[in-house]
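Residue numbering for the sequence shown follows my numbering, beginning at 2 and increasing consecutively. C-beta: ideal position from N, C-alpha, C; glycine also.
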Amino acid sequence: MTYLTVPISASTPEEALSQVSAAKDAGAQMVELRTDYLENLTVDMFDDMFAKVLRAGIKTIVTCRDSSEGGQNEYSRKLRTQILVRAAGTGADFIDCEYANFAKPDIGKVLKDALKSSKARLILSAHNFKTTFKDIESIYDGMLIAYPDAVPKVVYTAKHINDCFAAFGLLHRKERDAIVLAMGEHGLITRILAKKFGSLVCFACLDEKSATAPGQVSIEQMKKLYRYDSMNSKTQVFGIIGNPVSHSKSPAIHNACFEACNMNKVYVPILLKGDRLEFNRFMENVKERHWLNFGGFSVTIPHKENALAYVSHIGGFAEEQASKIAAVNTLAIGFNDRLSAYNTDYAGAMDALTKTMGIDKAQLEHKPVAVIGAGGVSRAVVAGLVDAGAKVTIYNRTLSRAKKLASEFACHHASMDDIANLDAEIIVNCTSIGMYPDVDNSPVPASVLKKTMVVFDTVYNPAETLLLKQAKKAGAKTVPGVEMFIYQAMEQFEHFTGKKADESVMRAVIKDSL
Ligand code: NAP
Numbered sequence: 002m003t004y005l006t007v008p009i010s011a012s013t014p015e016e017a018l019s020q021v022s023a024a025k026d027a028g029a030q031m032v033e034l035r036t037d038y039l040e041n042l043t044v045d046m047f048d049d050m051f052a053k054v055l056r057a058g059i060k061t062i063v064t065c066r067d068s069s070e071g072g073q074n075e076y077s078r079k080l081r082t083q084i085l086v087r088a089a090g091t092g093a094d095f096i097d098c099e100y101a102n103f104a105k106p107d108i109g110k111v112l113k114d115a116l117k118s119s120k121a122r123l124i125l126s127a128h129n130f131k132t133t134f135k136d137i138e139s140i141y142d143g144m145l146i147a148y149p150d151a152v153p154k155v156v157y158t159a160k161h162i163n164d165c166f167a168a169f170g171l172l173h174r175k176e177r178d179a180i181v182l183a184m185g186e187h188g189l190i191t192r193i194l195a196k197k198f199g200s201l202v203c204f205a206c207l208d209e210k211s212a213t214a215p216g217q218v219s220i221e222q223m224k225k226l227y228r229y230d231s232m233n234s235k236t237q238v239f240g241i242i243g244n245p246v247s248h249s250k251s252p253a254i255h256n257a258c259f260e261a262c263n264m265n266k267v268y269v270p271i272l273l274k275g276d277r278l279e280f281n282r283f284m285e286n287v288k289e290r291h292w293l294n295f296g297g298f299s300v301t302i303p304h305k306e307n308a309l310a311y312v313s314h315i316g317g318f319a320e321e322q323a324s325k326i327a328a329v330n331t332l333a334i335g336f337n338d339r340l341s342a343y344n345t346d347y348a349g350a351m352d353a354l355t356k357t358m359g360i361d362k363a364q365l366e367h368k369p370v371a372v373i374g375a376g377g378v379s380r381a382v383v384a385g386l387v388d389a390g391a392k393v394t395i396y397n398r399t400l401s402r403a404k405k406l407a408s409e410f411a412c413h414h415a416s417m418d419d420i421a422n423l424d425a426e427i428i429v430n431c432t433s434i435g436m437y438p439d440v441d442n443s444p445v446p447a448s449v450l451k452k453t454m455v456v457f458d459t460v461y462n463p464a465e466t467l468l469l470k471q472a473k474k475a476g477a478k479t480v481p482g483v484e485m486f487i488y489q490a491m492e493q494f495e496h497f498t499g500k501k502a503d504e505s506v507m508r509a510v511i512k513d514s515l
């Protein structure tokens, strides 16, 4: 059993009671009363408030955290112990005491005595707000030696995604109730996947303001976005690897599609900082732990080339287009852990262009196309257009990159200054110019835009960029980046699941989120 638990971090009993009621309404199964957040805490104040909380009919953890382990107010050891004793005696389901303090006789012995005649269970907790623990296994084992009936709770700060595997490993090997998680932006997946790996508690905040630890996800996100209620130990995991990833719409659309298809799968953001070495280490960590049940990844900046290099290195499969583009945005883990790499930006861009224009790929032959940008997306777009026989000219700020890309794909190149004189039927923006927050800029002067043109902006946030607005004004046909985003995601979904994605679900989610 994993309890979806909301920490109550109020400074007054009235506020605490209102948070408890909001947590219950939001679907929490338990609340953690962080009594150290209450101002001027007394035993009487606690007794009165706790009686009212119990009447709300929700399970409770009572905690009065020591300030040395993240407690909000500095309360005496005596008061902290008294609160836990009162909680144990009056109906708490769990009381939480710091492992380090439990060793002190005026706490440990008093709590042991109080627990003898109580239904409450003891959570022994250890926190590291700075970094990882050197040896979390020995802390966990030590807690069980100190009090064999305890629920060990080990919480540390992940400085990198690769720090999460220690938490998963401990949960995987445990034979009893335990709580193990990593805090901070790098530890996010340990929170989202707490239920999958059988942590006794999955903490989720009511909102950002009432969060009690870095990286806590809101209960609304946990339930709606990550489908907490349907998650179980068999849930297969997918995710988007990148840096940054917090802005990505991929978790929203893939999770919505998993739900629409009634699939026991979840899709999470995976912030992976560092270079190829760190990327490889992450993939090796996943490979060595078959039981994590990862099914595949979307890959974004800056790891698209790292992903291809890794797949080549381990002798996995890379589709021809991905090798030609020299970047992959999709990794699928198949039978016997075989890794396959794809570039769905290629198909996504071509589908967006041809479907919006109402033509098939062959009709792009000999059409003059101006591609602006020479980065990762540009490589996929140029590959698709050249395969279709279009006459491509690449414009880029760094001319040498345009020249290199043009020579790889046997097309033309020019400097950004030449855009003012371009003569093309189709313009494709593959730079980040115009992307939020740079919304008042366009890579193409309005004077260049004509009604005979098709203008495709791969930028999808905002949904209508300045370039698209000006193109529309000039009477040109426009292709928004959202179209490419949806088509590349649909193809990715098929690589992940072997099933067609529900296009209408993806469109609805994107429309909502933009
Ligand atoms: P990238 O590899 O970093 O390439 C960025 C390109 O933009 C380079 O050509 C760069 O020129 C150019 N650039 C950036 N800032 C510029 C500026 N201020 N002035 C002129 N040129 C500038 O990025 P990417 O992966 O190709 O992504 C590019 C854009 O594609 C993203 O911003 C995103 O909006 C869009 N995108 C869309 C989808 C979709 O599905 N619709 C998917 C992925 C990305 P230099 O070579 O001179 O640096």
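Using a threshold of 7 Å, is the CB atom of residue 357 nearer than that to any non-hydrogen atom of the ligand NAP? Stepping through the sequence shown from its first residue, residue 357 is reached at position 356. False, no ligand heavy atom lies under 7 Å from that Cβ.
Which residues does DSSP pair with residue 162 in a beta bridge? Counting from one through the sequence shown, the residue named residue 162 turns up at place 161. DSSP lists no partner for residue 162.
Alpha helix (DSSP H) segment containing residue 50, residue limits: Position 49 of the sequence shown, counted from the start, is the residue given in the question as residue 50. Counting along the chain, the alpha helix (DSSP H) containing residue 50 begins and ends at 44 to 56.
CA-to-CA distance, residue 17 to residue 46, given in whole angstroms: Indexing the sequence shown from 1 puts residue 46 at position 45. Indexing the sequence shown from 1 puts residue 17 at position 16. Going from the Cα of residue 46 to the Cα of residue 17 covers about 12 Å.
State yes or no: is the C-beta of residue 397 nearer than 7 Å to some heavy atom of the ligand NAP? If you number the sequence shown from 1, residue 397 lands on position 396. At least one heavy atom of the ligand NAP is found less than 7 Å from the C-beta of residue 397.
For the alpha helix (DSSP H) that contains residue 314, what are its first and last residues? Here residue 314 corresponds to residue number 313 of the sequence shown, with the count starting at 1. DSSP places residue 314 inside the alpha helix (DSSP H), whose first and last residues are 305 to 314.
Could you tell me whether the Cβ atoms of residue 284 and residue 311 are closer together than 8 Å? Your numbering for residue 284 matches position 283 in the sequence shown. Your numbering for residue 311 matches position 310 in the sequence shown. Yes, the pair counts as a contact, with Cβ atoms nearer than the cut-off.
Three-state secondary structure (DSSP) at residue 294? Working through the sequence shown from its first residue, we reach residue 294 at position 293. The answer is coil: DSSP assigns residue 294 none of H, G, I, E or B.
Bridge partners - residue 415, DSSP secondary structure assignment: Start at 1 with the first residue of the sequence shown, and residue 415 comes out as number 414. Residue 415 pairs with 396.
Beta-bridge partners of residue 490, as assigned by DSSP: Taking the sequence shown and counting its residues from 1, the one referred to as residue 490 is at position 489. The partner list for residue 490 (beta bridge, DSSP) is empty, contrary to what the question assumes.
Give me the Cα-Cα distance between residue 447 and residue 463, rounded to the nearest whole angstrom. Reading the sequence shown from its first residue, position 446 is the one you call residue 447. Reading the sequence shown from its first residue, position 462 is the one you call residue 463. Between residue 447 and residue 463, the C-alpha separation is close to 18 Å.
Out of 439, 137, 442 and 386, which has the shortest C-alpha to C-alpha gap to residue 410? Counted from its first residue, the sequence shown places residue 410 at position 409. The candidate whose alpha carbon is nearest that of residue 410 is 386.
Report the rounded CA-to-CA distance for residue 418 versus residue 263, giving the unit in angstroms. As a first step, residue 418 is located in the sequence shown; it is residue number 417 there, counting from the start. As a first step, residue 263 is located in the sequence shown; it is residue number 262 there, counting from the start. Here the alpha carbons of residue 263 and residue 418 stand approximately 51 Å from one another.
Flag this pair as yes or no: are the beta carbons of residue 112 and residue 74 separated by less than 8 Å? Numbered from its first residue, the sequence shown carries residue 112 at position 111. Numbered from its first residue, the sequence shown carries residue 74 at position 73. Taking 8 Å as the Cβ cut-off, residue 112 and residue 74 do not qualify as a contacting pair.
Between residue 339 and chain D, is there a C-beta pair that is closer than 8 Å? Of the protein chains in the structure, only one exists, and it is not chain D.
Cβ-Cβ distance between residue 136 and residue 152 below 8 Å: Looking up residue 136 in the sequence shown gives position 135. Looking up residue 152 in the sequence shown gives position 151. No; because the gap between Cβ atoms is not below 8 Å, this pair is not in contact.
Exposed or buried, residue 211, counting other C-beta atoms within 10 Å across all chains shown (16 or more means buried)? For this step, residue 211 is matched to residue 210 along the sequence shown. With 16 or more Cβ atoms within 10 Å of its Cβ, residue 211 is classed as buried.
Under 7 Å: does the beta carbon of residue 434 sit that close to some heavy atom of the ligand NAP? Stepping through the sequence shown from its first residue, residue 434 is reached at position 433. The answer is yes for residue 434.
At a cut-off of 7 Å, would you count residue 431 as near the ligand NAP, judging by its Cβ distance to the nearest heavy atom? Translated into the one-based positions of the sequence shown, residue 431 becomes position 430. Yes; taking the cut-off as 7 Å, the Cβ of residue 431 has a heavy atom of the ligand NAP nearer than that.
Can you tell me the Cα-Cα spacing of residue 158 and residue 22, whole angstroms? In the sequence shown, residue 158 corresponds to position 157, counting from 1. In the sequence shown, residue 22 corresponds to position 21, counting from 1. The alpha-carbon atoms of residue 158 and residue 22 are separated by roughly 30 Å.
Any heavy atom of the ligand NAP within a distance shorter than 7 Å of the CB on residue 2? Within the sequence shown, the letter at position 1 stands for residue 2. Because no heavy atom of the ligand NAP lies under 7 Å away, the Cβ of residue 2 does not count as near it: no.
Nearest-angstrom Cα separation, counted from residue 183 out to residue 164: As a position in the sequence shown, residue 164 is number 163, starting the count at 1. As a position in the sequence shown, residue 183 is number 182, starting the count at 1. Distance between the alpha carbons of residue 164 and residue 183 is about 8 Å.
From the DSSP output, read off the bridge partner residues of residue 206. In the sequence shown, counting from the first residue as 1, residue 206 sits at position 205. Beta-bridge pairing links residue 206 to 219.
Which of helix, strand or coil DSSP assigns to residue 378: Within the sequence shown, residue 378 is the residue found at index 377, counting from 1. Helix.
Touch check for the region 115 to 122 and the region 88 to 98: three-plus C-beta pairs under 8 Å? Yes: at least three Cβ pairs fall under 8 Å.
Could you check the C-alpha separation between residue 187 and residue 223 for me, to the nearest Å? Indexing the sequence shown from 1 puts residue 187 at position 186. Indexing the sequence shown from 1 puts residue 223 at position 222. Their Cα atoms are separated by approximately 17 Å.
Which residue wins for smallest C-alpha separation from residue 176, given the options 185, 145 and 471? What you label residue 176 is simply residue 175 of the sequence shown in a count that begins at 1. Among 185, 145 and 471, the Cα nearest to that of residue 176 is on 145.
Alpha helix (DSSP H) containing residue 349: first to last residue? Taking the first residue of the sequence shown as position 1, residue 349 is located at position 348. Judged by DSSP secondary structure, residue 349 falls within the alpha helix (DSSP H) whose first and last residues are 345 to 358.
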